[in-house]
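Here is the structure we will look at, set down as structure tokens.
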Amino acid sequence: MDSNLKRSIILENYQNPKGKGLIEDESYIKVNMNNESCIDEINLMVKIENDIVKDIRFDGEACAICISSASIMVETLIGKTTKEVEYILENFLKMLEGKEYDEVALEEAIVYDDVHKNPNRKKCALLSWWGIEKVLNKLKDNK
Ligand code: ZN
1 MDSNLKRSII LENYQNPKGK GLIEDESYIK VNMNNESCID EINLMVKIEN DIVKDIRFDG
61 EACAICISSA SIMVETLIGK TTKEVEYILE NFLKMLEGKE YDEVALEEAI VYDDVHKNPN
121 RKKCALLSWW GIEKVLNKLK DNK
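Numbering (this note's numbering), first residue to last: 1 to 143.
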């Protein structure tokens, strides 16, 4: 993907993040994530029903990479099964480690394919995705 296009997708998701704003609803699984190497702190709430991600919402103080990444994550993961989410997550992690990954599965999240060259930014891009991993683990513990 062209680097100008990447930048504009990141900017658009930072300025108009999808899923921003928490709601009162006990049916969501909630996690708090923070990144000590940046200003990032986000609260994430995820609704999973019949093994499908129905909704993801987040809020918090965070940098542009972190907010845009959370927004892109919301867009990418809603409607996916937990198995698909695990697969996407695995590939997002691989991409940020500079390894081979499945580009098609990541959809718009490939805009962070350069971030592995900048270790300080890695945690920013990963924070919300680690949050989803935590949610999936909570779900397994509850079963
Ligand atoms: Zn950050």
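Positions of the beta carbon are idealized from the N, C-alpha and C atoms, including for glycine.
In whole angstroms, what is the alpha-carbon distance linking residue 27 and residue 21?
16 Å
What does the shell around ligand 1 hold, if a residue joins when its beta-carbon is under 5 Å from any heavy atom?
38, 40, 63, 66, 124
Please classify residue 45: is it buried, with 16 or more other beta-carbons within 10 angstroms of its beta-carbon, or exposed?
buried
Span of the alpha helix (DSSP H) holding residue 96?
82 to 96
So, residue 73 versus residue 129, is the Cβ gap smaller than 8 Å?
yes
If you run the structure through DSSP and keep just helix, strand and coil, what is residue 1?
coil
In terms of residue numbering, what span does the beta strand (DSSP E) encompassing residue 41 cover?
41 to 49
By the 10 Å Cβ neighbour count, where 16 or more other Cβ atoms means buried, how is residue 7 classified, buried or exposed?
exposed
Please give me, in chain order, every unbroken run of the alpha helix (DSSP H) with length at least 4 that falls completely inside the stretch 50 to 83.
64 to 77
Evaluate residue 17 with the Cβ neighbour count: other Cβ atoms within 10 Å of its Cβ, from every protein chain shown; 16 or more gives buried, anything less gives exposed.
buried
Are the Cβ atoms of residue 127 and residue 1 separated by less than 8 Å?
no
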